[in-house]
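Number of protein chains: 2
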Amino acid sequence: MSNTDIWGDLADLFKIFGDSSRIRILYRLLEREYSVNVLADELDMTQSAVSHQLKILKMNKLVRSRREGKQIFYSLADDHVSTILSMGREHIEEM
Amino acid sequence: MSNTDIWGDLADLFKIFGDSSRIRILYRLLEREYSVNVLADELDMTQSAVSHQLKILKMNKLVRSRREGKQIFYSLADDHVSTILSMGREHIEEM
DNA sequence: GTTACATATGAATGTTTATTCATATGTTTA
DNA sequence: TAAACATATGAATAAACATTCATATGTAAC
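Note that the protein sequences, when read in sequence, are chains A and B.
Start counting the first sequence at 1; every next residue gets the next number (my numbering).
Start counting the second sequence at 1; every next residue gets the next number (my numbering).
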């Protein structure tokens, strides 16, 4: 092994995108920031399920959160997400 | 739902990259074509494990195979793989 | 045809993981 | 401070999946 497990890290990154719930969440956040409840409503998911997935996305620095009163708004952490997503879509459409 | 599950397809694509064994296989195939045994040797994996993973990669049209005598050589199906991999690496390195 | 080699495959196992349920934490308003 | 609302979290469950083992299929040489 080398000093850092580059393949493990890469696989972990892609693993995050390898779930349709997370993909759908990220696609929403591509337009604008969302609160947890609104996300859950629009995606027809449980508040709990959305919260769990958002935690994973945040731990991996793909989204960030901002509190406003009782609500917490989530948004994309940077623009890598959008490039990775569109990269994937290109491949899909050309298959 | 729409006619086709675009998010499911996208997630499925990324799921393939979400495993370090497959990532390592793909990285080898980035240089040149490989037979199953040589891949297994160099990656320190079982012949069976490599074969199983190659099947998944082939089913998803990420690699293709060519028979030469007793051996079967695998190579990348197109250059999407390389772009997706480098996209991921960029993100990793900037974290 | 039989032996040796290369790859594929099916079943079993263990691990990972997404979701659900119940409840806890945090925030605002009355 | 109590009640209502928004989100987070821990445990449990079920499903997905990578690997191993044993064996099957396919190919070449003898």
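In this text, a Cβ means the ideal position worked out from N, Cα and C, and glycines have one as well.
Roughly how far, in whole angstroms, is the beta-carbon of residue i from the beta-carbon of residue j, given that I think they are within contact range, below 8 Å?
{"i": "B:ILE72", "j": "B:SER21", "result": "In fact, because the Cβ distance is near 18 Å, the residues do not count as touching under 8 Å."}
{"i": "B:VAL77", "j": "A:ASP19", "result": "Before going on, a small fix: residue 77 of chain B reads as Ala here, not Val. With 8 Å as the limit, B:ALA77 and A:ASP19 do not qualify as a contact, their Cβ atoms being about 24 Å apart."}
{"i": "A:LEU57", "j": "A:ILE16", "result": "7 Å"}
{"i": "A:ILE6", "j": "B:TRP7", "result": "28 Å between Cβ atoms; not a contact."}
Taking 8 Å as the threshold (C-beta atoms), are residue j and residue i in contact?
{"i": "A:ILE25", "j": "A:LEU39", "result": "yes"}
{"i": "A:TYR74", "j": "A:LEU54", "result": "yes"}
{"i": "A:VAL63", "j": "A:LEU29", "result": "yes"}
{"i": "A:THR46", "j": "B:MET87", "result": "no"}
Under 7 Å Cβ-Cβ, which residues of chain B neighbour residue i?
{"i": "A:ARG64", "result": "Chain B residues near A:ARG64: none, gap ~13 Å exceeds 7 Å."}
So which residues of chain A does residue i contact, with C-beta pairs closer than 8 Å?
{"i": "B:ARG24", "result": "TRP7"}
{"i": "B:ILE72", "result": "In chain order: nothing, as chain A lies at least about 23 Å away."}
Grab the span of the beta strand (DSSP E) containing residue i for me, first residue to last.
{"i": "A:GLU33", "result": "Here A:GLU33 belongs to no beta strand (DSSP E), and DSSP marks it neither H nor E."}
{"i": "A:LEU76", "result": "71 to 76"}
Just to make sure I have the definition right: I need the residues of chain A whose C-beta is within less than 7 Å of the C-beta of residue i. Which are they?
{"i": "B:ARG89", "result": "LEU10"}
{"i": "B:LEU13", "result": "GLY88, HIS91, ILE92"}
Please list the terminal residues of the continuous alpha helix (DSSP H) segment that includes residue i.
{"i": "A:GLU68", "result": "It is not in any alpha helix (DSSP H) - A:GLU68 instead sits in the beta strand (DSSP E) that spans 63 to 68."}
{"i": "A:GLU93", "result": "80 to 93"}
{"i": "B:ASP12", "result": "6 to 17"}
{"i": "A:MET99", "result": "Residue 99 of chain A cannot be examined here, being either before or after the span of chain A that is shown, 1 to 95."}
Cβ closer than 8 Å: which chain B residues qualify as neighbours of residue i?
{"i": "A:ASP19", "result": "ALA11, LYS15"}
{"i": "A:HIS52", "result": "Result: empty, since nearest Cβ-Cβ is about 16 Å, beyond 8 Å."}
If the cut is a Cβ gap below 9 Å, which residues of chain B does residue i touch?
{"i": "A:ILE56", "result": "Going along chain B, no residue has its Cβ under 9 Å from A:ILE56, so there is no contact; the nearest lies around 13 Å."}
{"i": "A:THR46", "result": "Near A:THR46 there are no residues of chain B at all, since even the closest Cβ is about 17 Å away, more than 9 Å."}
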